[in-house]
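Residue -15 is where the sequence shown starts when you use the numbering used here, and the numbers rise one by one after that. We treat Cβ as the ideally placed atom computed from N, Cα and C, and that holds for glycine. Heads up: the structure comes next, in structure tokens.
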Amino acid sequence: ISSPEGQAYLGAMRASANFAWANRQAILDRMRGSFRQIFGASVQLDLLYDVCHNIAKRERHQVEGRKLDVLVHRKGATRAFPPGHKEIPRAYREIGQPVLIPGSMGTASWILAGEAGAMLETFGSVCHGAGRLLSRTAARKGRDARQIQKKLEEEGILVRSESRDGILEEIPEAYKDVDEVIEVVHQAGLARKVARLRPMGVIKG
-15 ISSPEGQAYL GAMRASANFA WANRQAILDR MRGSFRQIFG ASVQLDLLYD
35 VCHNIAKRER HQVEGRKLDV LVHRKGATRA FPPGHKEIPR AYREIGQPVL
85 IPGSMGTASW ILAGEAGAML ETFGSVCHGA GRLLSRTAAR KGRDARQIQK
135 KLEEEGILVR SESRDGILEE IPEAYKDVDE VIEVVHQAGL ARKVARLRPM
185 GVIKG
């Protein structure tokens, strides 16, 4: 990572991460404005936690019995540090890092808290989502976006998307059963279950 190529990569990644964090702040600000417009000025939307799932971070981990400074690149994964870890924000330090695992448009999402097992087994990481069963191409094949949207709305889930593909690529059937995935993470001691969230609305950019 100290090579010219490695340093160029880190610089580009950090610039992208800065853009992503700023973008999420802007999205949150717009959401707060929209909620206040509809529900009144007293509505308060608090940010639980802001975390990315495609980033490299310098961290200290035990490797073959030795504490080493390493660069952990989480791609499609998210951090799950246990209670007491110094890099967890003070508000969550006693309970463990918040772990946000989204489901699909039609299935649950989960909030977990990091556990000590993740530091021993997975460099303080867990999955970020259930994982795909179908590729994006396979998910689009032979399906009608309007029917998918209608079915979800019949289940009480409002869907808004700029494109037909935005809906088809993320159909619930394209993903593994998120509840089963969470159970494995929980039983393995990587992170513990805190809350199961039911989808109410989906916005696809």
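Could you pull the DSSP bridge partners for Pro82 from this structure?
Along the sequence shown, one-based indexing puts residue 82 at 98. Note: Pro82 sits in a beta bridge opposite Ala97.
In this structure, does DSSP put Asp128 in helix, strand or coil?
Taking the first residue of the sequence shown as 1, we reach residue 128 at position 144. Coil at Asp128, not helix or strand.
For a test of the three-state rule: what should DSSP assign to Ile166, helix, strand or coil?
Position 182 of the sequence shown, counted from the start, is the residue given in the question as residue 166. If DSSP states are grouped into helix, strand and coil, Ile166 belongs with the helices.
Grab the span of the alpha helix (DSSP H) containing Ile72 for me, first residue to last.
The residue given as residue 72 occupies position 88 in the sequence shown. Unbroken run through Ile72: none, as it is neither H nor E.
Please look up how many angstroms separate the CB atoms of Gly90 and Pro156, rounded, as I've assumed it's under 8 Å.
On the sequence shown, residue 90 is found 106 positions in, with the first residue counted as 1. On the sequence shown, residue 156 is found 172 positions in, with the first residue counted as 1. Yes, Gly90 and Pro156 are in contact; Cβ-Cβ is about 4 Å, under 8 Å.
Whole angstroms are fine: how far does the CA of Arg74 sit from the CA of Arg127?
Within the sequence shown, numbered from 1, the residue matching residue 127 stands at position 143. Within the sequence shown, numbered from 1, the residue matching residue 74 stands at position 90. Answer to the nearest angstrom: the Cα atoms are 47 Å apart.
According to DSSP, is Thr62 part of a helix, a strand, or is it coil?
Mapped onto the sequence shown, residue 62 falls at position 78. If DSSP states are grouped into helix, strand and coil, Thr62 belongs with the strands.
Would DSSP call Lys177 helix, strand or coil?
The residue labelled residue 177 in the question sits at position 193 within the sequence shown. In the structure shown, Lys177 sits in a strand (DSSP, three-state: E or B).
Compute the beta-carbon to beta-carbon distance between Gly115 and Val83, rounded to the nearest angstrom, for a pair I have assumed lies under 8 Å.
On the sequence shown, position 131 is the one that residue 115 refers to. On the sequence shown, position 99 is the one that residue 83 refers to. With a Cβ gap of about 15 Å, Gly115 and Val83 do not count as contacting.
Where Arg8 and Arg14 are concerned, what is the direct C-alpha to C-alpha distance, given to the nearest angstrom?
Position 24 of the sequence shown, counting from 1, holds the residue named residue 8. Position 30 of the sequence shown, counting from 1, holds the residue named residue 14. Rounded to whole angstroms, Arg8 to Arg14 spans 10 Å at the Cα level.
Just tell me which of Gln28, Ser0, Arg(-2), Gly24 has its CA closest to the CA of Leu12.
Here residue 12 refers to the residue found at position 28 of the sequence shown. Of Gln28, Ser0, Arg(-2), Gly24, the residue nearest in Cα terms is Gln28.
Just to check, is the beta-carbon of Lys51 closer than 7 Å to a non-hydrogen atom of the ligand FMN?
As far as ligands go, the structure on display features none, and thus does not contain the ligand FMN.
From what residue to what residue does the alpha helix (DSSP H) around Glu146 run?
For the purposes of this step, residue 146 is taken as residue 162 along the sequence shown, with counting starting at 1. Where Glu146 is concerned, there is no enclosing alpha helix (DSSP H), given that its DSSP letter is neither H nor E.
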